[in-house]
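Residue numbers for the sequence shown follow the numbering used here, beginning at 230 and rising by one. Positions of the beta carbon are idealized from the N, C-alpha and C atoms, including for glycine. Below is one structure; the comments refer to it alone.
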Amino acid sequence: MTQQITQIEDDALRMAISRALDAWRDEKRTGIAAAIIFNDTVVAIAENRVHQDQDPTHHAEIVALGKAAKVLSPEDLAQCTLISTLQPCEMCLSATRFAGIARIIFAARQGSVAGKYFVFPHLCIDDFCDASDPFTHIGGIRENEVIHLYIDGEE
């Protein structure tokens, strides 16, 4: 079964990819970006800020969640979709689920990228699906456009 994404989800993913590619070209930034969609509107977009902020929790997904939480109620946040250029790590998946978000779309998949992006390599996104209902994810969308950023872990 092939899962479909909406036009706004595809547009948001393309925006995130563009931002990640721009960041990748700048040695002071990291080429990972994420967006939050609510009611067919991108309400937040962010990139990874771990190195700039010297904070290991400032992954793109968590920064985007924080921005969205400032403009949305908890009930609205739970209706959002998370978009990311890279499959969210275990920390970002947990934060997404704590926010109540039940739909994630991402480009590069865990099995296609360097191992450094996942601290618990035997814990996979399907484990989150099994432990949390409802929760859906669609990965590998536009993966070919970003895989070069993450294949060797040198984004």
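- With 16 as the cutoff for other CB atoms within 10 Å, does residue 280 come out buried or exposed? exposed
Does residue 341 have its Cβ less than 8 angstroms from a Cβ in chain C?
Considering every chain present, this structure includes no chain C. It has just one protein chain.
Give the straight-line distance between the Cα atoms of residue 312 and residue 322, rounded to the nearest whole angstrom. 12 angstroms
CB of residue 252 within 8 angstroms of CB of residue 243, strictly | no
In this structure, what does DSSP give as the bridge partners for residue 335? 313
Query raised in the report: Of all the options 263, 250 and 285, which has the alpha carbon lying nearest to the alpha carbon of residue 271?
Result: 263
Put residue 267 into one of helix, strand or coil per three-state DSSP. strand
### Query
Going by C-alpha distance, which of 233, 247, 261 and 237 is nearest residue 382?
261
State whether the region 363-377 contacts the region 321-337, with contact taken as three or more CB pairs (one from each stretch) at a distance under 8 angstroms.
yes
If we ignore side chains and look at the alpha-carbon of each, how far apart do residue 359 and residue 326 end up? 13 angstroms
What residue range is occupied by the uninterrupted beta strand (DSSP E) comprising residue 366? 365-367
| query | Is residue 231 buried or exposed, if buried means 16 or more other CB atoms sit within 10 Å of its CB? | reply | Model confidence at residue 231 stands at a pLDDT of 49, short of 50, so the residue's coordinates are unreliable; what they give is reported in the following sentence. Burial call: exposed.
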